[in-house]
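Undergrad: Taking the numbering used here, I'd label the letters of the sequence shown as residues 72 to 332. Backbone N, C-alpha and C define an ideal beta-carbon position, used for all residues, glycine too. If you're wondering where the values come from, they're calculated on a predicted model, not measured in any experiment. First the structure, which I've put down as structure tokens, then a few questions once you've had a look.
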Amino acid sequence: MAQLTGKTALVTGSTSGIGMGIARALAAQGANIILNGFGDPAAIEAERAGIAKDNGVEVVYDGADMTKAVEIEALFANAAKLGGVDILVNNAGVQHVSPIEEFPPEKWDLIIGLNLTSAFHTTRLAFPGMKAKKWGRIVNIASAHALVASPFKSAYVAAKHGLLGFTKTIALEGATSGITCNAICPGYVKTPLVEKQIPDTAKARGMTEEQVIRDVILAAQPTKQFVTVEQVAALATFLCSDAAAQINGAPLSIDGGWVAE
Ligand code: NAD
Numbered sequence: 072m073a074q075l076t077g078k079t080a081l082v083t084g085s086t087s088g089i090g091m092g093i094a095r096a097l098a099a100q101g102a103n104i105i106l107n108g109f110g111d112p113a114a115i116e117a118e119r120a121g122i123a124k125d126n127g128v129e130v131v132y133d134g135a136d137m138t139k140a141v142e143i144e145a146l147f148a149n150a151a152k153l154g155g156v157d158i159l160v161n162n163a164g165v166q167h168v169s170p171i172e173e174f175p176p177e178k179w180d181l182i183i184g185l186n187l188t189s190a191f192h193t194t195r196l197a198f199p200g201m202k203a204k205k206w207g208r209i210v211n212i213a214s215a216h217a218l219v220a221s222p223f224k225s226a227y228v229a230a231k232h233g234l235l236g237f238t239k240t241i242a243l244e245g246a247t248s249g250i251t252c253n254a255i256c257p258g259y260v261k262t263p264l265v266e267k268q269i270p271d272t273a274k275a276r277g278m279t280e281e282q283v284i285r286d287v288i289l290a291a292q293p294t295k296q297f298v299t300v301e302q303v304a305a306l307a308t309f310l311c312s313d314a315a316a317q318i319n320g321a322p323l324s325i326d327g328g329w330v331a332e
């Protein structure tokens with residue numbers, strides 16, 4: 072029997088990139104999935120149906136905007152009908168790259184709201200059910216930028232450092248209830264989020280896009296390779312296993328050696 076059979080996993084921002092990879096990997100271990108995120112309705116429905124069929128699990132889609140507390144509350148009310156959220160993956164996130172003098176205040180609010188505050192709302196709503204079941208897994212998709220900074224990413228670095236602090240606090244609060252909370256800290260993964268920031272970084276640093284990939288992105292990673300979605304998904308799945316029951320409050324780097332430098 073797959074090790075997560077009977078569990079329900081909410082993966083925020085799972086219509087693309089890392090979140091979609093994690094949703095697929097958890098479903099392959101037997102978990103029922105709540106997909107979330109924006110995108111083309113037909114493509115999302117095809118993904119939903121595909122994951123359900125390939126793995127013989129239940130997959131539902133909830134398009135809640137994770138910057139809006141009322142929509143997150145409605146998502147959890149719907150999740151209660153599926154037996155509640157046993158595995159919470161706080162993954163939805165956006166980036167904006169610009170010098171601090173030009174950083175648009177609305178982008179600061181969006182990044183803090185989505186990359187940090189949404190994890191507060193989902194966690195406060197998931198916790199009672201996890202405590203009652205004496206089992207829960209919270210996996211926060213942080214970043215190497217939860218541990219180190221880069222210029223021109225003030226809001227993102229602040230949000231991800233905040234998410235790591237939040238992770239440690241929740242790890243302590245859930246420790247005697249069978250709940251773990253950890254932060255995965257990936258380096259660069261080639262997803263739409265990274266592809267979109269290449270032109271902005273080129274502008275902020277006065278470089279070509281090719282120079283940004285070579286001298287900024289891959290220069291940060293001693294392996295000179297991108298991390299893959301599948302590698303991050305495998306780590307997230309491991310954190311949901313019984314073998315990981317004593318990993319709690321940890322930042323788990325998966326960055327080709329970036330933060331070792
Ligand atoms: P992505 O752009 O491919 O996916 C982002 C997802 O978030 C999409 O499904 C999108 O629809 C969803 N989303 C955006 N706004 C939303 C909102 N308001 N409500 C609900 N969903 C929303 O990006 P990704 O690279 O897969 O990033 C996923 C997470 O991984 C983010 O938290 C990001 O910070 C983190 N991360 C990414 C990298 C990387 O190099 N790609 C590195 C470290 C950390």
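Any heavy atom of the ligand HEM within a distance shorter than 6 Å of the CB on G328?
TA: This structure lacks the ligand HEM; its bound ligands are the ligand NAD.
Undergrad: Pull up the distance between the alpha-carbon of T86 and that of G101, whole angstroms please.
TA: So the two alpha carbons sit approximately 19 Å from each other.
Undergrad: Can you give me the C-alpha to C-alpha distance between P263 and A197, rounded to a whole angstrom?
TA: In a straight line, the C-alpha of P263 is about 28 Å away from that of A197.
Undergrad: If you reduce the DSSP assignment to three classes, tell me which class I318 lands in.
TA: Residue state, collapsed to three classes: coil.
Undergrad: On the DSSP letters alone, give me the boundaries of the beta strand (DSSP E) that L146 sits inside.
TA: L146 -> not in any beta strand (DSSP E); alpha helix (DSSP H) instead, spanning A140 to A151.
Undergrad: Using 8 Å as the threshold, is the segment 119-135 in touch with the segment 240-251, meaning 3 or more CB pairs across them?
TA: At 8 Å Cβ cutoff, the stretches do not touch.
Undergrad: Would the segment 227-242 count as touching the segment 140-155 if we require 3 or more Cβ pairs under 8 Å?
TA: Taking 8 Å as the limit for Cβ pairs, the verdict is that the segment 140-155 does not touch the segment 227-242.
Undergrad: In the DSSP assignment, what are the bridge partners of L159?
TA: Paired residues: L81 and I209.
Undergrad: Using CA coordinates, which residue listed in G164, G328 and G200 is at the minimum distance from I362?
TA: Residue 362 cannot be examined here, being either before or after the span of the chain that is shown, 72 to 332.
Undergrad: Distance check for V300 and G88, CA to CA, integer angstroms please.
TA: Approximately 7 Å, taken between the alpha carbons.
Undergrad: From what residue to what residue does the alpha helix (DSSP H) around T238 run?
TA: First-last of the alpha helix (DSSP H) with T238: S225 to G245.
Undergrad: Note the first and the last residue of the continuous alpha helix (DSSP H) segment covering A102.
TA: Looking at the DSSP string, A102 is not in any alpha helix (DSSP H), and its letter there is neither H nor E.
Undergrad: Taking only the alpha-carbon atoms, compute the straight-line gap between A316 and T279 and give it to the nearest angstrom.
TA: Approximately 45 Å between the Cα atoms of the pair.
Undergrad: Nearest CA to the CA of I209: which residue from A215, A217, T194 and H216?
TA: Residue T194 is the option with its Cα nearest to I209.
Undergrad: Would you say the beta carbon of T86 comes nearer than 6 Å to a heavy atom of the ligand NAD?
TA: Indeed, a heavy atom of the ligand NAD lies less than 6 Å from the Cβ.
Undergrad: Check P263 in the structure and name its three-state DSSP category.
TA: P263 falls in the helix class under three-state DSSP.
Undergrad: Hey, would you say the C-beta of N211 is under 6 Å away from at least one heavy atom of the ligand NAD?
TA: N211 Cβ: outside cutoff for every heavy atom of the ligand NAD.
Undergrad: Hey, how far is the Cα of Q296 from the Cα of V260?
TA: Q296 and V260: Cα-Cα distance of roughly 9 Å.
Undergrad: What does the alpha-carbon distance come out to for the pair G90 and G110?
TA: C-alpha separation (whole angstroms): 13 Å.
Undergrad: Just the Cα atoms here: how many angstroms apart are A314 and A150?
TA: Those two C-alpha atoms are separated by around 26 Å.
Undergrad: How would you call R285, buried or exposed, if buried means at least 16 neighbouring beta carbons within 10 angstroms?
TA: Exposed: under 16 other Cβ atoms inside 10 Å.
Undergrad: Thinking C-alpha only, which one of V160, P222, K202 and I255 is nearest E172?
TA: Residue P222 is the option with its Cα nearest to E172.
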